[in-house]
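Participant: Here the sequence shown is numbered in the working numbering, starting from 407 and rising by one per residue.
Mind having a look at this structure? Questions to follow.
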Amino acid sequence: MENNILVEAIGLRKVYGAGVTALDGVDLSVRAGEFVALVGPTGSGKTTLLSLLAGLEEADDGTVMLMGNRLASLSEDAVSDLRGQSVGMIYQSYNLFPGFNVRENLGLPLRLMMRPPFDAHLRSRELVESFGLALLAERYPSELSGGQRQLVAIARALAANPPLVLADEPTANLDSSAARHIVARLRELADTGNHGVLMATHDLRIASQADRVLSLRDGRIVKETVLEPGRSSREVLAELA
Ligand SMILES: Nc1ncnc2c1ncn2[C@@H]1O[C@H](COP(=O)(O)OP(=O)(O)OP(=O)(O)O)[C@@H](O)[C@H]1O
Ligand SMILES: [Mg+2]
Numbered sequence: 407m408e409n410n411i412l413v414e415a416i417g418l419r420k421v422y423g424a425g426v427t428a429l430d431g432v433d434l435s436v437r438a439g440e441f442v443a444l445v446g447p448t449g450s451g452k453t454t455l456l457s458l459l460a461g462l463e464e465a466d467d468g469t470v471m472l473m474g475n476r477l478a479s480l481s482e483d484a485v486s487d488l489r490g491q492s493v494g495m496i497y498q499s500y501n502l503f504p505g506f507n508v509r510e511n512l513g514l515p516l517r518l519m520m521r522p523p524f525d526a527h528l529r530s531r532e533l534v535e536s537f538g539l540a541l542l543a544e545r546y547p548s549e550l551s552g553g554q555r556q557l558v559a560i561a562r563a564l565a566a567n568p569p570l571v572l573a574d575e576p577t578a579n580l581d582s583s584a585a586r587h588i589v590a591r592l593r594e595l596a597d598t599g600n601h602g603v604l605m606a607t608h609d610l611r612i613a614s615q616a617d618r619v620l621s622l623r624d625g626r627i628v629k630e631t632v633l634e635p636g637r638s639s640r641e642v643l644a645e646l647a
């Protein structure tokens, strides 16, 4: 892929119903090795943007290039395959499968990729351990707290080692120590150089761990802040505020 660009949006527009312009000409790209944060008030278009980049919804205008493929030129099945292979989506509303327990939810991405059941089993065991979910592994989503569901949703999104992680407010329901742990994990993933992360958040402290912060207002990117490593968090927070 050209310049390691995992996903690129060019002039992206999305209008809902008779006149809510959720996205109004968005350009962005995320490369392998980058951790990019997306901030902006409620209703500014963060979730809409992530779902268009993942091909879950279609743009009204503009282009999404995912792993070098123009989404609009692919069939629905091809988009869904490409998403399954390349995107780990952490949904704002978790989207866990209610009829599957935690262990089974974590094994699903690999099962959907037709990987052998044993691989899925090993990977879900590894994730259960590393996300501290051992005591919850046999529980169903309805038996978990909001924060616990969120952790399962994050673990599941990372299960298949996707090159691109799209994370929609992944720490919104976590306590500050769990939130720091998750963000450190996303940071490490990007630092391997093999993955890119785009994360929507309302929390500027969390955003300050990114390489770049995109500020969305009324469906437009109104500011891009590049955060050089080594700056104090106070300085960074002042710049983002
Ligand atoms: N399916 C839909 N039908 C109609 N309008 C929608 C739909 N989804 C989103 N919108 C509208 O699009 C705009 C952007 O919504 P979006 O969910 O992208 O915001 P957001 O930045 O993710 O907000 P939050 O921080 O609350 O999650 C809002 O005005 C919202 O009401
Ligand atoms: Mg949202």
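Each residue gets a CB set at the ideal place from its N, CA and C atoms; glycine is no exception.
Note that this is a predicted model, so its numbers are computed, not measured.
(1) Among 563, 452, 546, 453, whose alpha-carbon lies nearest the alpha-carbon of residue 506?
(2) Ligand 1 and residue 469: does the residue's C-beta get closer than 7 Å to at least one heavy atom of that ligand?
(3) Suppose you measure from the CA of residue 489 to the CA of residue 586; what does that come to, to the nearest Å?
(4) Helix, strand or coil for residue 630, going by three-state DSSP, please let me know.
(5) Consider the C-beta atom of residue 415 and the heavy atoms of ligand 2; say whether any pair is separated by less than 7 Å.
(6) Excluding sequence positions up to five away, which residues of its chain have a Cβ less than 6 Å from the Cβ of residue 498?
(7) Along the chain, where does the beta strand (DSSP E) that runs through residue 443 open and close?
(8) Among 476, 444, 525, 466, which one has its Cα closest to the Cα of residue 424?
(9) Around the Cβ of residue 528, are there at least 16 other Cβ atoms within 10 angstroms (buried) or fewer (exposed)?
(10) Nearest CA to the CA of residue 566: which residue from 434, 636, 495, 476?
(11) Tell me, please, which residues DSSP counts as bridged to residue 422.
(12) Taking 8 Å as the cut-off, decide whether the C-beta atoms of residue 542 and residue 550 are in contact.
(13) Sort 647, 434, 616, 630 by Cα distance to residue 636 and report the nearest one.
(14) Quick one, which of 632, 639, 601 has its alpha-carbon nearest residue 437's?
(15) Between the C-alpha atoms of residue 562 and residue 514, what's the straight-line distance to the nearest angstrom?
(16) At what residues does the alpha helix (DSSP H) containing residue 562 begin and finish?
Facilitator: From the atom records:
(1) Closest in alpha carbon position to residue 506, among 563, 452, 546, 453, is 546.
(2) No.
(3) Separation of residue 489 and residue 586 (C-alpha to C-alpha, rounded to the nearest whole angstrom) is 27 Å.
(4) Reduced to three states, the DSSP call for residue 630 is strand.
(5) Residue 415 Cβ: outside cutoff for every heavy atom of ligand 2.
(6) Taking residue 498 as the centre and dropping the five residues before and after it, the same chain places the C-beta of 453, 574, 575 closer than 6 Å to its C-beta, in chain order.
(7) 441-445 is the extent of the beta strand (DSSP E) around residue 443.
(8) The option with the nearest alpha carbon to residue 424 is 466.
(9) Its Cβ having fewer than 16 others within 10 Å, residue 528 is exposed.
(10) If we check each option's Cα against that of residue 566, 495 comes out closest.
(11) DSSP, once it has assigned bridges, lists 426 as partnering residue 422.
(12) A contact, by the Cβ cut-off of 8 Å.
(13) Of 647, 434, 616, 630, the residue nearest in Cα terms is 616.
(14) The shortest C-alpha separation from residue 437 is found at 601.
(15) One alpha carbon belongs to residue 562, the other to residue 514, and they sit about 8 Å apart.
(16) Per DSSP, the unbroken alpha helix (DSSP H) holding residue 562 starts and ends at 552-564.
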